[in-house]
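Okay, so here's the structure we're looking at.
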């Protein structure tokens with residue numbers, strides 16, 4: 420397991436962590452001031468300043484990406500399927516332009532939430548089948564442009580509205596069916612927030628192995644959790660044994676960034692440099 | 420699958436559903452007015468009016484129980500272990516006095532939340548081991564007094580503070596290790612709220628079979644969920660395909676009550692007879 424206590428070489432900042440403090444240019448400047456070497460930007464933040472400018476700012480700041488957020492939201496009724504497909508291909512093109520190592524897939528839940536306007540359904544098994552079909556189709560495009568897909572299993576609390584892939588086992592089952600040769604182009608993003616509770620997590624990380632482990636995200640689970648979406652914790656403030664999970668991921672050969680992704684009404688209220696410096700100190704002490 | 424559309428013979432009311440509207444005597448009167456034939460009372464509600472009086476009121480109202488809530492909260496540090504053990508035995512004695520068919524076990528999460536005052540831990544694997552040890556020990560007492568134990572897997576959102584048994588598979592694994600002969604004295608309580616998201620649910624219900632299916636609870640999952648504990652939905656108001664899950668449980672031979680358990684700040688604000696009559700109509704139309 421790598422020693423993170425001395426520097427923050429392997430810290431990446433998911434830009435949603437400070438999304439209310441400023442636009443992507445402000446965030447990139449804050450990263451430069453703090454010596455942060457990688458980010459994972461969100462599509463809406465890129466769109467707000469323009470893709471070309473985002474590409475330039477990332478390059479000029481010598482930043483790497485640890486991923487690009489996000490593709491997915493596959494379940495859709497017939498009327499919304501073409502839009503879903505086009506939207507996902509554009510996301511991959513953007514990831515490519517930004518030189519991302521992978522695109523994170525948040526796969527979507529029931530169609531009415533995944534692609535608003537779609538006819539309502541309570542059939543989560545059908546949504547899951549649509550997700551797998553959607554990934555299989557997008558995977559062909561991903562291979563053609565050389566952009567790996569990282570399926571992010573989300574916490575079961577988001578099964579209805581954000582992602583009906585809720586365990587690492589489920590994500591890896593999809594990977595194995597679509598990419599049986601373990602090409603390295605289809606895998607998972609392990610976020611400790613979404614997976615820490617899973618009794619099968621350690622076994623599934625071993626099953627994933629290096630070829631399937633494309634990204635690693637950290638934050639913490641607060642008790643109580645005041646808001647089901649936007650009360651994620653700064654590492655060390657909650658109950659997750661983060662080093663234990665990082666050790667398992669690194670034991671498989673993962674050697675990429677530990678990406679900090681915190682959706683938090685509390686942390687969004689604080690000055691950007693305070694958030695960034697806290698991320699760095701916690702990365703050294705508790706990740 | 421039984422036809423629930425004609426009457427509410429198989430409706431049981433978990434008394435937490437109307438816990439802010441009155442004490443257990445008020446709730447029992449409301450059930451009598453509505454022709455409800457079974458309840459699942461909570462320990463604190465029984466304690467508030469006294470066990471002897473609760474036993475009398477239940478008997479005089481010709482009520483059955485569908486379960487008794489609850490035993491569990493097994494993880495504890497050394498200083499709190501004896502209290503935990505005694506507390507659970509008393510819970511079983513109360514269940515026996517009330518003639519409950521089983522006691523529901525909410526197994527507890529990390530020790531500092533399960534038994535407050537216990538030393539803090541982030542080791543969820545250790546908590547799970549304590550849970551299994553605690554159930555194994557309590558099971559001996561349960562057999563001696565003839566009180567079946569129903570392990571309730573809780574939604575992963577409660578893994579830290581309420582229950583670190585979070586899937587039906589995990590609960591059944593424990594059952595199989597402790598009671599390999601499937602005696603009917605150790606099984607699971609399936610609550611659609613806690614389990615609907617689980618991709619393995621249908622397979623695990625089949626695995627459980629009749630001997631392990633001791634209780635069936637219904638409510639609904641709201642989108643958005645405004646409060647992680649107390650925003651459960653009235654059946655039909657959320658996204659869960661309840662009949663699909665009930666059909667699976669009944670296909671295994673489950674023929675007990677559909678117990679309505681709704682923790683909801685919204686429904687706790689309404690008059691008790693309105694809540695009860697809504698439960699009855701939804702039981703007929705969407706359960």
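Protein chains in written order, with this note's numbering: chain R, 420 to 706; chain L, 420 to 706.
Beta carbons: idealized from backbone N, C-alpha and C, even for Gly.
Beta-carbon contacts of residue i that lie in its chain and below 6 Å, excluding the five residues immediately before and after
| i | result |
| --- | --- |
| residue 546 of chain R | 494, 529, 583 |
| residue 508 of chain L | 560 |
| residue 588 of chain L | 619, 623 |
| residue 447 of chain R | 476, 480 |
| residue 601 of chain L | 630 |
| residue 655 of chain L | 701, 705 |
| residue 490 of chain R | 507, 510, 522, 524 |
| residue 485 of chain R | 431, 457, 459, 676, 678 |
| residue 664 of chain R | 611 |
| residue 699 of chain L | 427 |
| residue 687 of chain L | 439 |
| residue 681 of chain L | 436, 638, 651 |
Listed by chain order, chain L residues near residue i by CB distance under 9 Å
| i | result |
| --- | --- |
| residue 585 of chain R | 575, 616, 617, 618 |
Contact set between residue i and chain R, taken where Cβ atoms lie within less than 9 Å
| i | result |
| --- | --- |
| residue 529 of chain L | 642, 658 |
| residue 589 of chain L | 618, 619 |
Cut-off 7 Å between Cβ atoms - residues of its own chain near residue i, not counting five sequence neighbours on either side
| i | result |
| --- | --- |
| residue 516 of chain L | 470, 474 |
| residue 644 of chain R | 650 |
| residue 514 of chain R | 487, 522, 566 |
| residue 684 of chain L | 646, 649, 650 |
| residue 536 of chain L | 499 |
Closer than 8 Å to chain L by CB, residue i
| i | result |
| --- | --- |
| residue 422 of chain R | no |
Neighbouring residues, chain L, relative to residue i (Cβ below 8 Å)
| i | result |
| --- | --- |
| residue 549 of chain R | By Cβ distance, chain L contributes nothing, its closest Cβ being about 14 Å from residue 549 of chain R, past 8 Å. |
| residue 580 of chain R | 642, 643 |
heavy atom of the ligand FAD below 7 Å from residue i C-beta
| i | result |
| --- | --- |
| residue 671 of chain L | Because no ligand of any kind appears in the structure shown, any question about the ligand FAD cannot be addressed here. |
Within chain R, the residues that residue i reaches when beta carbons sit closer than 7 Å
| i | result |
| --- | --- |
| residue 542 of chain L | 660 |
Residue-chain proximity (residue i, chain R), Cβ-Cβ < 8 Å
| i | result |
| --- | --- |
| residue 471 of chain L | no |
| residue 647 of chain L | yes |
Contacts around residue i, its chain only, beta-carbon distance under 8 Å, and the 5 residues preceding and following it disregarded
| i | result |
| --- | --- |
| residue 591 of chain R | 607, 623, 626, 627, 631 |
| residue 666 of chain L | 420 |
| residue 538 of chain R | 496, 530, 531 |
| residue 662 of chain L | 420, 705, 706 |
| residue 593 of chain R | 550, 551, 554, 570, 584 |
| residue 598 of chain L | 558, 604, 605 |
| residue 465 of chain R | 443, 473, 513, 517 |
Min CB distance residue i to chain C below 8 Å
| i | result |
| --- | --- |
| residue 528 of chain L | Annotation note: the requested chain C is absent from the structure, which comprises protein chains R and L. |
**Length-filtered (3 minimum) beta strand (DSSP E) runs lying within the region 515 to 571 of chain R** = 522 to 525, 568 to 570
**Prompt:** What are the complete beta strand (DSSP E) segments, minimum 3 residues, inside the region 470 to 514 of chain L?
**Reply:** 487 to 491
**Prompt:** When Cβ atoms are compared, which residues of the region 513 to 540 of chain L fall closer than 8 Å to chain R?
**Reply:** 529, 532
**Any alpha helix (DSSP H) of 4 or more consecutive residues that is wholly inside the region 607 to 634 of chain R** = 611 to 614, 620 to 631
**Asked** Whole alpha helix (DSSP H) runs in the region 632 to 684 of chain L with 4 or more residues, listed along the chain?
**Response** 661 to 670
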